[in-house]
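S.K.: If you count by numbering that gives the first Met the number 0, then the sequence shown holds residues 0 to 386, one letter each, in order.
C-beta atoms are modelled at their ideal positions from N, C-alpha and C, and glycine is treated no differently.
Quick one: the structure is below, and I'll ask about it shortly.
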Amino acid sequence: MYILGLTTMGDAAASLLKDGKLIAAAEEERFSRRKHHSGFPWMAVEYCLAEAGITLKDVEHVALYWKPWVLSHKAWQALRSATLSWEMFQARIDRGVAQISESYLGMFQYPARLRERFGPSDFKFHYMDHHECHAASCFLVSPFQSAAILTADGTGEATTTMFANGCCDDITPRQRIKLPNSLGQFYSSVTNFLGFDMFGGDEWKVMGLAAYGKPTYYDFFRNQVVTLEGKNKFRVHIDVLDHHLAKRYQFSKASSENCEENLCMAGGVMFNSVMNGRIMTESKFKNFYIQPAAGDAGCSLGAALLVWSRKLGKPAQFEMDHAYWGPKFSSDQCAAARRKDDRRWRHHRLVQRTHGVRSARAGRTQLRRRPAPRRHARVAQPQGETA
Ligand SMILES: [Fe+2]
C-alpha cells in the first residue's frame, strides 16, 4: 500500500510510504533551486513516484499536513489585534487574505490537480492537523515505544506549541499553546526587526548568528517580550514586538508533570541546537529523538504516517535513522554533468575529518573518542543545508 504525504506552503516536500515504511522523500527546493520553496511540490511528487517505480494510480492515500478550514482562531486573533493597534490589525488582515486566497482555498483543489497532472487515481485525500503531523514525524519514526512529544513552530492552523504523549502507535495531545503565543513567531519578529526577511527563510540565519552574539538584550526579551506563566506556559507580548510589524519597530520547558524518560521533538523551533542542548542537559529526560527535517518539510512524512497509524490502524513499521532520502547521483552522472559544463573543476576525495585524526602510519582514519555523554541523545543525521 502506498501513501503519499504532502507539505505545500513553505518548505514544500513530498514523502512516500510503502506498507508503512518510508521509501522516498524530497523537498521541492532541491529541484526548483528556490530555498524554502513555497507551493505545490510537483517535482518532489514526481521524484517519489519515479523512485518507487509507480504511478499515481498505485497510490491509495494522499495526506496533506494542514486543515485549511480551521480559521476561527486566527480570525479572532486578527480582530483582537485591533484593540492593540490599527496597524497590527491591518497587517494581519492583509496576510490572512493573502493566505486564504493563495494557499488555503487552493488546498481544496489538490485532489483534482493531482489527477489532472498524474492521471486518474482512486486515492483518498486526507487533511491532517499540522502539529500532529510534526508529532508523528518524530515519535512514529523514533526507536521509542513511549515518549513525551514536544512540537514548536511559527504556527499551525492555530497551535504554535504542543505537548503530547506517544504510546505504541498512538499520539495523544495533552496541551496546546495557540496564537499569538508563538516561539517561532518570536524568532520571526527578531528576524524582521534586524532587517532580515522571515518569509525568505532568514530565521535560520539569525538562529545561526545568535551563537556569535552577546546577550545584550536578554533582559528586555525575557521580561517584556516572552514571559513565563506558571510552569508549562509562556506568553509572547505582541504589543511590544509583533512579527508582522517588527520591521517598523525600534526598541532602546517541557511539561514537568510528564513521567516519561524519552522525549521526541519536531517543529522549526527545534532546529535550534543551543536550545536542544539545554533541554538535553537540564531537563529530566534521558533519551531524545529529534526529527532531522524538523521544519514543515518533515510534516509530509508525519501526515503520511498519521494516515497509516491513525486512519488505517496499522502498527509503526519504520525507524528513521538518517535523512538521506533525496535524489542520488553516481560518479558517472556527475562526470557527465561536468563535461557539459565549461567551468573549471577538480575532483575532491572526501576525507572524514569530523571528530577524527588522520593516521599517517595506518593510512586510515582513526576516531578520537569523546568523553561519554551524560545522557544518550538519539539524533538522526541533519538535513543538508538547513541551519
Ligand atoms: Fe510547522
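In terms of residue numbering, what span does the beta strand (DSSP E) encompassing Ser145 cover?
M.R.: Residues Ser145 to Ala151.
S.K.: When the Cα atoms are used, what is the spatial distance from Cys167 to Gly325?
M.R.: Distance between the alpha carbons of Cys167 and Gly325: 28 Å.
S.K.: If we ignore side chains and look at the alpha-carbon of each, how far apart do Arg112 and Cys137 end up?
M.R.: Approximately 29 Å, taken between the alpha carbons.
S.K.: Nearest CA to the CA of Val189: which residue from Arg173, Thr171, Gln174 and Leu208?
M.R.: When only C-alpha atoms are compared, the closest one is Leu208.
S.K.: Thinking just about the alpha-carbon of each residue, which of Glu259, Glu50 and Ala296 is nearest to the one in Lys327?
M.R.: Out of Glu259, Glu50 and Ala296, Glu50 has the C-alpha closest to the C-alpha of Lys327.
S.K.: Using the Cα positions of Ala334 and Asp340, report the straight-line distance between them to the nearest angstrom.
M.R.: So the alpha carbons of these two residues sit roughly 10 Å apart.
S.K.: Which of the three DSSP states is assigned to His236 in this structure?
M.R.: His236 falls in the coil class under three-state DSSP.
S.K.: Specify which residues have a beta carbon nearer than 7 Å to any heavy atom of ligand 1, listing them in chain order.
M.R.: Taking each Cβ in turn, the ones that pass are His129, His133, Asp152, Gly153, Gly155, Gly266, Gly267, Gly294, Asp295 and Cys298.
S.K.: Under three-state DSSP, which class holds Ser14?
M.R.: DSSP places Ser14 in strand when its eight states are reduced to three.
S.K.: Going straight from the alpha carbon of Tyr1 to that of Lys17, what length do you get?
M.R.: Those two C-alpha atoms are separated by around 5 Å.
S.K.: Once you ignore the five residues that flank Ala77 on each side, which residues in its own chain have a CB closer than 8 Å to its CB?
M.R.: Counting only Cβ-Cβ distances below 8 Å, and skipping sequence neighbours, we find Phe88, Arg91, Ile92 and Gly95.
S.K.: Determine the direct distance from the alpha carbon of Ala62 to that of Val306, and round the result to whole angstroms.
M.R.: Using only the alpha carbons, I get a separation of about 7 Å.
S.K.: Taking a contact to mean a Cβ-Cβ separation below 7 Å, would you say Val239 touches Gly183 in this structure?
M.R.: It is not a contact, given that the beta carbons lie outside the stated cut-off.
S.K.: What runs of the alpha helix (DSSP H), each 4 residues or longer, lie entirely inside the stretch 5-75?
M.R.: For the stretch 5-75, whole alpha helix (DSSP H) runs of length 4 or above, ordered along the chain, are 28-31 and 41-51.
S.K.: In whole angstroms, give me the CA-to-CA distance for Glu27 and Lys177.
M.R.: Each residue's Cα considered, the two are about 29 Å apart.
S.K.: Start and end of the alpha helix (DSSP H) containing His321?
M.R.: Looking at the DSSP string, His321 is not in any alpha helix (DSSP H), and its letter there is neither H nor E.
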